[in-house]
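Numbering-wise (my numbering), the sequence shown opens with residue 22 and increments by one.
For every residue, glycine included, the Cβ atom is placed at its ideal position computed from N, Cα and C.
Since we're looking at a predicted model, the values are computed, not measured.
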Amino acid sequence: MAKMTYPPTRTCDQVDDYHGTFVADPYRWLEDTDAKETRAWIEAQNEVTFAFLERIPERERIRERLTELWDYAKAWAPVKRGGRYFQLRNSGLQNQDVLFCLESLDGEPRVLLDPNSLSADGTVALTSWEPSPDGRWLAYATSAAGSDWLTWRVRDVENGQDLPDLVEWSKFSGAAWCADSSGFYYARYDAPAPGTDYTGVNYYQKLYLHRLGETQAQDTLVYERPDEKEWGFGARTSEDGRYLILEIWQGTDVRNRLFYQDLQAGGAVVELIDELEAAYYFVGNDGPVFYLRTDLQAPRGRLIALDTEHPEREAWRTLIPEGSDVLGEIRMVHDEFVALILHDAHHQILRFSRSGEALGAIELPTLGSIPSLGDSLQLTGRRSDDELFYAFQSFLYPVTIFRYDLARNEGGLLFAPPLDLDAGAYVTRQVFVLGRDGTAIPMFLTHRREMPLDGQNPTLLYGYGGFNISVVPTFAASRLAWLEMGGVYASANLRGGGEYGEEWHQAGMLHNKQNVFDDMIACAEYLVASGITSPSRLAIMGGSNGGLLVGACLAQRPELFGAAVPA
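What follows is the structure, given as structure tokens:
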């Protein structure tokens, strides 16, 4: 294939003075994305790119194979409310998953909400949904054209019809139902000024209660902070219906404040934890005793019991202490704690009694992860039920749904995707690469079981390394196509992520950011030194923060990579 000739890119004389340090920025003019010159430059670059891609002989065959791989039935973990089960499913190539309702697990599923029918052009998406505690109502939020603005409606589960209720100008919010299913709490902003729906900055979020059958103008203002314009309110109600819990967030900070309101006693919102020093997540309660997962004095997490009638810190009790692994989300099911554990960048599910006694593990099929769908971890269950549902996935294991009966201590398969996959022809293994400073960096390798170590294997190295996000084993049909063509997929767990808790996160941020680039480079060097690939056959890939990573690694070690895919 002929060598590509890129259109010329002009430079300018822009130099910035950062307190006496002069930094040249010759491509500053490209930051004006609306300028005619910038648009012309983009069009010229795209013309070169797509002309190259269209000349690839295997392009159509790859497209056909990807379509085949994507076309299989999919499902997510069901949610049980009021004896009914709610589950997202996809027949294969549907643009959006369809929400079904089942009266029993072996009952006939019926479509409750098909977001593919919400708009002719497919630009309206189902963004959030929550059934009422009695299973009679469904609060659901839609967004248009990728906007963060949410419009909430309520659907009658029995007849599939929407109530007249309409809630607008909600953003970054779920729905927290009242215990009697009479209404739900949600967060919203004031309506923006005309013409600023998608350009204005939103401040002063407020928490409201919407009662079924009322207009939004009648909604009750529950909480606001006119002195804190950047605060947001994540609301949930305790399963016993007594408390409204407010997790106060600010920007992307993982730390939060925790307030509550006693709905039985009435009265004002109580500022239980009003210091932004750690993360606190409400797990459940026994009367006034709250169970909270926190990283306070525990970078890898612990579970504490806090008596709201005696909230002084010296009275806090640790139920599940910090361990060598990261303590993730916790559910109260069958009157016990079911905890997601992150061990060397893959998940485990452990059970604990209400006093914190270890009750054992729920065995998972292989090294993999419990996926999230949006902000919803696919690990579901209620304290009043015996049933736990969870989804599982790995590099060679498409999302599969399991059910576990905690009362009987037995589980089984609920849904297996009908995907034609010869998983036995491939293998996933984990290696630990020594970083520049001697830190062990985990990396997963997936490839054909009989892979020659001749340095000729096309290899795709993925990394992220930021924002406390853990890169765990996941399934993607596109990767399977890559493996079928003889490729190797490498997934690096770099510092800056959350794989080993807050210390690991901080080791790759701000003045420690170079550690992330060094870790990725060390993984690339391992792939070459071990005979898996060679620089000319090694591609590096990352998106968002990972795109920054790719750019930095390419700039610092251009001879180490044959291709780069930043996004």
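Does DSSP put residue i in a helix, a strand or coil?
i	result
LYS250	coil
GLU343	coil
THR258	strand
ARG516	coil
THR241	strand
CYS122	strand
ALA382	strand
THR88	helix
MET541	helix
ASN67	helix
TYR547	helix
GLY306	Residue identity check: residue 306 is Asn in the sequence provided, not Gly. Reduced to three states, the DSSP call for ASN306 is strand.
ALA584	strand
ALA502	helix
PRO556	helix
VAL454	strand
ALA511	strand
TRP150	strand
PHE652	Because the chain spans 22 through 588 in this model, residue 652 falls outside it and cannot be assessed.
GLU79	coil
PHE590	Outside the displayed span of the chain (22 to 588) sits residue 590, for which this structure offers no information.
ARG60	helix
HIS331	coil
LEU525	For clarity, residue 525 is Trp in the given sequence; the question names Leu instead. Correct three-state label for TRP525: helix.
VAL100	strand
GLY216	coil
LEU133	strand
VAL222	coil
LEU442	coil
TRP337	coil
GLU471	coil
Can you list, in chain order, the residues of its chain with a C-beta nearer than 6 Å to that of residue i? Leave out the 5 residues immediately preceding and following it.
i	result
GLY195	SER149
ALA584	ALA560
SER259	ASN306
THR59	LEU51 and ASP53
For residue i, which residues in the same chain have their Cβ closer than 8 Å to its Cβ, ignoring the five residues on either side in sequence?
i	result
GLY507	ARG469, ASN478 and PRO479
TRP190	TRP170, ARG209, TYR210, ASP211, ALA212 and PRO213
PHE582	ALA545, PRO556, LEU559, ALA560, ILE561, CYS574 and LEU575
THR554	GLY476, GLN477, ASN478, PRO479, THR480, VAL509 and LEU548
LEU279	ILE266, LEU267, GLU268, ILE269, LEU293, ILE294, TYR301, PHE303 and LEU313
GLU43	As written in the sequence, residue 43 is Phe, which differs from the Glu given in the question. Result list for PHE43: VAL36 and ASP37, in chain order.
TRP97	GLN108, LEU109, ARG110, ASP118, LEU394, GLN399, ALA412, VAL420 and ILE422
GLU357	ARG372, PHE373, SER374, ARG375, LEU380 and LEU427
ASP274	LEU297
SER551	LEU474
Once you ignore the five residues that flank residue i on each side, which residues in its own chain have a CB closer than 7 Å to its CB?
i	result
TYR93	GLY113, PRO438, PRO439 and LEU440
GLY389	HIS367, HIS368, PHE413, GLN414, SER415, TYR418 and PRO494
TYR207	TRP173, VAL188, SER191, SER194, ALA196, TYR229 and HIS231
SER499	LEU87
VAL243	TYR206, LEU228, TYR229 and LEU230
On the DSSP bridge assignment, give the partners of residue i in chain order.
i	result
ASN111	LYS95
ARG323	THR315
ALA299	Looking at the DSSP assignment, ALA299 forms no beta bridge with any residue, so it has no partner.
ASP38	PHE43
VAL145	ALA165
GLN414	SER390
VAL29	Strictly speaking, residue 29 in this sequence is Pro, with Val absent from that position. Per DSSP, none; premise fails for PRO29.
MET562	TYR483 and VAL586
HIS231	PHE205
ASP283	TYR264
TYR106	LYS101 and LEU123
ASP426	GLU408 and GLU431
LEU466	ARG450 and ALA511
Is residue i near the ligand ATP, in the sense that its beta carbon is under 7 Å from a heavy atom of that ligand?
i	result
ALA513	This structure does not include the ligand ATP; it has no bound ligands of any sort.
contact_flag[the region 412-423, the region 479-499] where n(CB pairs < 8 Å) is 3 or more: yes
Three or more C-beta pairs below 8 Å linking the region 512-524 and the region 402-413: no
Three CB pairs or more closer than 8 Å across the region 34-54 and the region 82-97: no
Stretch pair the region 175-191 + the region 158-165: three plus CB contacts closer than 8 Å: yes
Inter-stretch contact at 8 Å, needing at least 3 Cβ pairs: the region 380-395 / the region 332-347: no
contact_flag[the region 342-350, the region 316-325] where n(CB pairs < 8 Å) is 3 or more: yes
Those runs of the beta strand (DSSP E) which lie wholly inside the region 353-412 and span at least 3 residues: 357-364, 367-373 and 379-383
Touch test, the region 122-142 against the region 94-107, Cβ-Cβ under 8 Å, three pairs minimum: yes
Entirely enclosed beta strand (DSSP E) segments - the region 159-209, minimum 3 residues: 171-177, 183-191 and 204-209
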